[in-house]
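>
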Amino acid sequence: MQHLVNVKVNGQSHTLVVNANMTLLDMLRKNLGLTGTKKGCELGDCGSCTVIIDGKTVNSCLVLAVEASGKEILTIEGLAEGNELHPLQKAFIDYGAIQCGYCTPGMILSAKALLDRNSSPSEEEIKTAIGGNLCRCTGYIYIIEAIREVAGKQKE
Amino acid sequence: MILPKFSYFEPKQIGEVCSLLEEYGEEARVLAGGTDLLVKMKQGLLNPKCLVSLKKLAELNFIRFDERTGLALGAMASLNSIQESPLVRENYYALAEAVESMAAVQIRNIGTLGGNLGNASPAADTAPVLIAYGAQVKLVGPKGERRVALEDFFIGPGQTVLNKGEIIAEVVLPPAGISTGGAYRRFGLRRSSALAVVGAAAVITLKSGVCQSVRIALGAVAPVPLRVPAAEEVLAGKAIEDEAIVEAAKKAREAARPITDVRSSDEYRRELTEVLVTRALSHALKRAKERVN
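Chains as they are written, first to last, in numbering that gives the first Met the number 0: chain E, 0 to 155; chain F, 0 to 292.
#1: Note the first and the last residue of the continuous beta strand (DSSP E) segment covering glutamate 71 of chain E.
#2: Can the beta-carbon of glutamate 273 of chain F be found closer than 9 Å to that of lysine 249 of chain F?
#3: If we define contact as Cβ-Cβ less than 9 Å, is phenylalanine 5 of chain F a contact residue for chain E?
#4: Alpha carbon to alpha carbon, how far is glycine 14 of chain F from valine 139 of chain F?
#5: At a Cβ threshold of 9 Å, is lysine 111 of chain E touching chain F?
#6: Give, in chain order, every residue of the segment 29–55 of chain E whose Cβ lies closer than 7 Å to some Cβ of chain F.
#7: Threonine 111 of chain F versus chain E: which residues are under 7 Å apart at the beta carbon?
#8: Give the straight-line distance between the Cα atoms of glutamate 242 of chain F and alanine 283 of chain F, rounded to the nearest whole angstrom.
#9: Of the choices E/Cys40, E/Leu42, E/Lys111 and E/Leu23, whose alpha-carbon is the least far from that of leucine 33 of chain E?
#10: Please confirm whether glutamine 153 of chain E and proline 104 of chain E have their CB atoms less than 9 Å apart.
#11: Which term fits glycine 46 of chain F, buried or exposed, when burial requires 16 or more other beta carbons within 10 angstroms of its beta carbon?
#12: With a threshold of 9 Å between beta-carbons, can glycine 151 of chain E be considered close to chain F, or not?
#13: For chain E, check one thing: does any of its Cβ atoms lie closer than 9 Å to the Cβ of alanine 31 of chain F?
#14: With a CB to CB cut of under 6 Å and the five nearest residues on each side skipped, what residues in its chain are close to glutamine 135 of chain F?
#15: According to DSSP, what are the bridge partners of threonine 111 of chain F?
#16: If you reduce the DSSP assignment to three classes, tell me which class glutamine 159 of chain E lands in.
#17: Quick check: isoleucine 239 of chain F and glycine 131 of chain E, are their CB atoms within less than 9 Å of each other?
#18: Hey, would you say alanine 93 of chain F sits closer than 9 Å to valine 223 of chain F, going by beta carbons?
#19: Would DSSP call asparagine 90 of chain F helix, strand or coil?
#20: Is it the case that the Cβ atoms of phenylalanine 152 of chain F and leucine 116 of chain F are separated by a distance below 9 Å?
#21: Taking Cβ positions only, does glycine 130 of chain E come closer than 9 Å to chain F?
In structure tokens:
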């Protein structure tokens with residue numbers, strides 16, 4: 000059974016025809032070529048497929064593509080402005096908060112959703128916000144520091 | 000990991016949902032948040048021919064509070080919307096506390112209250128706390144609507160009293176008086192993204208320092224979320240002292256019928272039950288007292 004999907008991804012409108020059993024994750028990666036959204040466990044545990052739908056983070060492996068119709072989606076590709084990286088992307092580089100990089104897109108989007116709602120989160124709030132993003136390299140300390148750095152700058 | 004094929008419907012009317020579910024019967028599944036259903040389908044544990052999505056039913060996505068009638072939560076309200084709601088946090092704090100303990104942000108943004116209950120996992124975190132608050136579920140089906148006390152809603156793991164074509168529309172909690180305090184305590188193998196090994200909820204209402212009513216419910220220690228009247232009886236009608244809390248927790252331990260599984264032995268679950276009921280009661284009592292003052 001095929002369905003028509005109208006979505007806005009990173010500000011750009013798309014109309015796609017998808018099978019009912021296609022996940023949003025596969026639609027982003029396969030149909031739109033947005034491979035910054037990573038495919039990890041595919042069961043909603045690891046957070047590497049995190050995207051932001053209408054301001055809220057979700058695991059795109061647990062959302063059907065057809066369910067995303069009419070929504071606004073932000074992926075990691077939508078953060079930089081031209082050649083200018085987003086402050087979170089810069090901070091992750093500066094703090095060495097990236098190792099293998101596989102969790103990084105999801106981690107940064109979870110951090111962005113947090114900072115959009117709460118410009119000065121406590122360390123506990125940061126940990127809660129990224130609780131659904133697993134870093135297999137276990138570089139959590141630098142990740143938390145990078146997020147704090149951006150939160151601090153936003154406050155100034 | 001590919002989802003098996005299925006037909007997909009997203010009706011805009013509740014009536015359509017019920018008729019689709021009646022038509023497809025066992026071959027249909029209701030899609031609420033999908034955080035459990037889609038996982039089970041990917042793992043090959045479920046293979047429905049048809050998914051009926053409730054996401055287009057705006058009438059099921061609400062949180063309403065009225066001092067006279069209490070709190071009404073739409074089945075499609077997301078777990079995070081409940082946890083963040085000032086109406087919930089001010090009047091039914093233990094419910095927010097229970098939701099906070101669940102999964103991670105991304106899952107709570109998609110997962111729904113109706114899904115957590117309809118899934119009927121014995122370890123569902125919202126069930127014990129809602130039972131402790133005296134919640135009822137409003138069910139809508141082809142023959143109209145009915146209300147069932149949440150403690151009577153579950154029959155066994157994955158099984159509920161829902162009839163063919165029937166869905167959970169709403170969860171209703173009675174008004175919480177200003178002298179009511181609640182708490183939920185749970186233990187999981189990690190702080191984030193782990194199922195409860197045991198969960199314990201307690202809601203206490205005080206009147207002139209005496210326990211006017213108390214409800215205690217447990218998760219993950221029986222085939223269904225379990226209310227424990229034997230533990231409640233120890234406390235009802237008394238000024239609650241520490242010894243009585245210890246005694247009530249012992250009764251809860253006796254009422255627990257846990258199994259041994261990958262997360263814990265049955266013995267450890269019994270031990271946890273006593274510890275967590277003690278903590279839930281102490282916190283519920285403290286909160287009830289704070290609200291009175």
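The beta-carbon is built from N, C-alpha and C at its ideal position, and this holds for glycine as well. For clarity, every value in this text was computed on a predicted model and none was experimentally measured.
Taking the definition as stated:
#1: 71–73
#2: yes
#3: yes
#4: 9 Å
#5: no
#6: Glu41, Leu42, Gly43, Asp44, Gly46, Thr49 and Lys55
#7: By Cβ distance, chain E contributes nothing, its closest Cβ being about 12 Å from threonine 111 of chain F, past 7 Å.
#8: 16 Å
#9: E/Leu23
#10: no
#11: As written in the sequence, residue 46 of chain F is asparagine, which differs from the glycine given in the question. Exposed: under 16 other Cβ atoms inside 10 Å.
#12: no
#13: no
#14: Arg146, Ala148 and Val171
#15: F/Ser77
#16: Residue 159 of chain E lies beyond the stretch modelled for chain E, which goes from 0 to 155, so this question has no answer here.
#17: no
#18: no
#19: helix
#20: yes
#21: yes
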